[in-house]
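Here the sequence shown stands for residues -4 to 199, where the numbers follow the numbering used here.
Here a beta-carbon is modelled for each residue, glycine too, at the ideal position from N, C-alpha and C.
These notes concern the structure reproduced below.
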Amino acid sequence: MARSSRAPWKRQNPRKRAGKASKHLTSAEKSAAKVRARRAGRRYPNLVDNIRMAARKRTKTKSAGTSATKKTRKAAARKTTARKSAKGRKRGASAPAKDPRGGLTAAGRKAFARKQGAHLRPGVTKRESEMTPQDMRRKGSWAVRFYGRAKLPPLVDARGRPTRLALSAHAWGEPVPKTVAAARRIAAKGERLLARYRRIKEGA
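The structure is reproduced here in structure tokens:
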């Protein structure tokens, strides 16, 4: 027996049967559909008019979603850049002032200049044949001042590691002294450099 067909307006909504929510037009979209129908010479909007309005709604929603996504991405990029800049500033601010091998780093010399107003220069590490008179005076003065004093401070700590006083020799191109005799040899070299500097100045 043939199944009797029901009128369309009495049939169940297929979207509801599929478990999907119905999407209704807003009052503004219904008004726009009526205007579109009148322009086409129709008294009431038909299915095509309503479909057009619904499609326009989806396009606007998609554009708004895309704009929101772009804004979110830009904000995240700005935050990442700000974090990287902050990390870079933090790393620059916490740069070590002391060279673990001896002497001060460039950052340490700059910090000392800011605090004390003194213009510190790196130690002279040239060979004696390549030194200028000023290099001889600087290195000789350092060697006598550090290792020529009457009573030397400790050159190694309790664990046998060289102290900062001993490590300063590395910054001036000299072997790190671990004994008083080694330190005195550096001081004697400094005295020779100062004597040579004075001879050069007297002969000039």
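Could you work out which residue in Q129, P9 and Y39 is closest to I195 when comparing CA atoms only?
Translated into positions along the sequence shown, residue 195 becomes position 200. Among Q129, P9 and Y39, the Cα nearest to that of I195 is on Q129.
Since V139 is in the alpha helix (DSSP H), which residue starts that stretch and which ends it?
The sequence position of residue 139 within the sequence shown is 144, counting from 1. Here the alpha helix (DSSP H) through V139 covers P128 to Y142.
Can you tell me which residues form a DSSP beta bridge with P157?
Within the sequence shown, residue 157 is the residue found at index 162, counting from 1. BP columns for P157 point to V151.
What does the alpha-carbon distance come out to for the pair A161 and R78?
For the purposes of this step, residue 161 is identified with residue 166 of the sequence shown, where counting begins at 1. For the purposes of this step, residue 78 is identified with residue 83 of the sequence shown, where counting begins at 1. C-alpha separation (whole angstroms): 40 Å.
Between P40 and R31, is the Cβ-Cβ spacing less than 8 Å?
Locating residue 40 in the sequence shown gives position 45, where the first residue counts as 1. Locating residue 31 in the sequence shown gives position 36, where the first residue counts as 1. Closer than 8 Å, so yes.
In whole angstroms, what is the alpha-carbon distance linking A27 and K18?
Locating residue 27 in the sequence shown gives position 32, counting from the first residue. Locating residue 18 in the sequence shown gives position 23, counting from the first residue. Each residue's alpha carbon lies about 17 Å from the other.
Using the Cα positions of S124 and R156, report the straight-line distance between them to the nearest angstrom.
Mapped onto the sequence shown, residue 124 falls at position 129. Mapped onto the sequence shown, residue 156 falls at position 161. Approximately 32 Å, taken between the alpha carbons.
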